[in-house]
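Numbering (the numbering used here), first residue to last: 94 to 406. Ideal Cβ positions, reconstructed from N, Cα and C, are used throughout, including at glycine. Here is the structure we will look at.
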């Protein structure tokens with residue numbers, strides 16, 4: 094496969110996953126912001142959304158304050174924000190068009206239909222129930238695209254590059270949401286385990302579609318260390334860091350067999366996977382959750398760079 098084709102497939106899936114993740118972040122933020130004052134506390138949930146999206150510096154260079162209006166405008170519509178939902182679908186469709194013959198009909202129709210729908214939609218006018226429906230629509234597009242790939246693609250190198258992009262982005266998003274919860278969303282004067290903490294964790298679980306899974310696995314009330322265990326170390330949870338890296342190792346091994354050689358990307362993925370397999374949640378908390386996640390995000394970025402250098406450049 095041409096490296097250009099592999100690059101298009103990789104970034105197509107990354108941008109679709111990123112759009113869905115932004116919709117999930119905004120949905121969780123909207124839910125937290127609508128809580129009564131007694132539960133909502135003194136934090137700025139909308140600022141936490143910008144931090145979760147990883148674009149706080151660029152946002153505050155353009156806006157003085159993180160409000161519902163400014164954050165929604167920046168994360169959904171802003172043309173100068175390369176990771177806004179509108180831009181994610183724009184870039185995803187551009188990449189899909191470049192590799193049209195490598196995609197199945199269902200995948201192409203999903204991403205092209207989403208792009209056409211956004212072109213028909215009036216910009217910057219999402220309020221109330223319309224905003225909720227829009228976020229649900231974005232999540233539906235992500236699920237349809239992911240489902241189409243899983244159900245219709247041949248298990249070849251095209252599939253592997255597509256899945257690698259999605260999994261790398263998914264791991265990054267899960268890690269960032271966890272990090273923001275502990276260091277930006279919860280006020281310093283609020284005790285972990287309090288009423289505010291419970292509603293915030295519940296919103297985070299909903300953001301990654303993990304609330305039902307949590308109760309199936311642990312059968313307990315919400316506890317921060319168990320939620321972190323689910324989203325970091327539990328292989329059964331599709332959005333966990335461990336599950337993402339288990340799948341990435343498998344796809345990178347498939348590529349190494351298909352192309353007849355291994356390289357840095359296989360080594361980095363295996364090393365990160367091994368650390369996740371050998372870690373215990375007690376150890377993670379003792380050494381610092383923030384430090385663990387920061388290290389993971391750095392390794393995840395290193396893997397992305399290694400994949401680019403080895404296959405996409």
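Local conformation of residue i per DSSP, three classes
i           : result
residue 232 : helix
residue 392 : helix
residue 96  : helix
residue 113 : helix
residue 171 : coil
residue 133 : Bear in mind that the predicted position of residue 133 carries a pLDDT of just 48, short of 50, making it unreliable; the figure below should be weighed with that in mind. DSSP places residue 133 in helix when its eight states are reduced to three.
residue 192 : coil
residue 163 : helix
residue 138 : helix
residue 176 : coil
residue 402 : helix
residue 145 : helix
residue 156 : coil
residue 127 : coil
Inter-residue CB distance, residue i and residue j (contact presumed, cutoff 8 Å)
i           : j           : result
residue 231 : residue 144 : At roughly 20 Å, the Cβ-Cβ gap does not stay under 8 Å, so residue 231 and residue 144 are not in contact.
residue 382 : residue 326 : Going by Cβ atoms, the distance from residue 382 to residue 326 rounds to 12 Å, so no, they are not a contact pair.
residue 261 : residue 397 : 5 Å
residue 429 : residue 119 : Look at the range of the chain in this structure, 94 to 406, and you will see that residue 429 is not part of it.
residue 250 : residue 351 : 5 Å
residue 203 : residue 241 : 6 Å
residue 174 : residue 265 : No, residue 174 and residue 265 are not in contact; Cβ-Cβ is about 17 Å, not under 8 Å.
residue 271 : residue 294 : Going by Cβ atoms, the distance from residue 271 to residue 294 rounds to 10 Å, so no, they are not a contact pair.
residue 390 : residue 268 : 5 Å
residue 152 : residue 167 : 5 Å
residue 263 : residue 190 : Rounded, the Cβ-Cβ distance is 24 Å, inconsistent with contact.
residue 121 : residue 386 : Wrong, their Cβ atoms sit about 17 Å apart, outside the cutoff.
Closer than 7 Å to chain D by CB, residue i
i           : result
residue 397 : The structure shown contains no chain D; it holds only a single protein chain.
Q. Within the chosen definition, does the segment 299-307 reach the segment 352-364 through at least 3 CB pairs nearer than 8 Å?
A. no
**Study point:** Continuous alpha helix (DSSP H) assignments of at least 4 residues falling wholly in the segment 338-400
**Key:** 357-371, 374-380 and 382-400
### Task
Enumerate, from N- to C-terminal direction, the unbroken alpha helix (DSSP H) stretches of 4 or more residues contained entirely within the segment 196-274.
198-213, 221-245 and 250-273
Checklist entry - Fully enclosed by the segment 301-344, which beta strand (DSSP E) runs are 3 residues long or longer? => result none
| message | Taking 8 Å as the cut-off, does the segment 340-348 touch the segment 238-256 (at least 3 CB pairs, one atom from each stretch)? | response | yes
Touch test, the segment 110-125 against the segment 167-179, Cβ-Cβ under 8 Å, three pairs minimum:
yes
Exercise. Are three or more beta carbon pairs between the segment 228-242 and the segment 316-323 nearer than 8 Å?
Worked result: no
Does the segment 95-106 come into contact with the segment 117-128, if we say contact requires no fewer than three beta-carbon pairs (one atom in each stretch) closer than 8 Å? no
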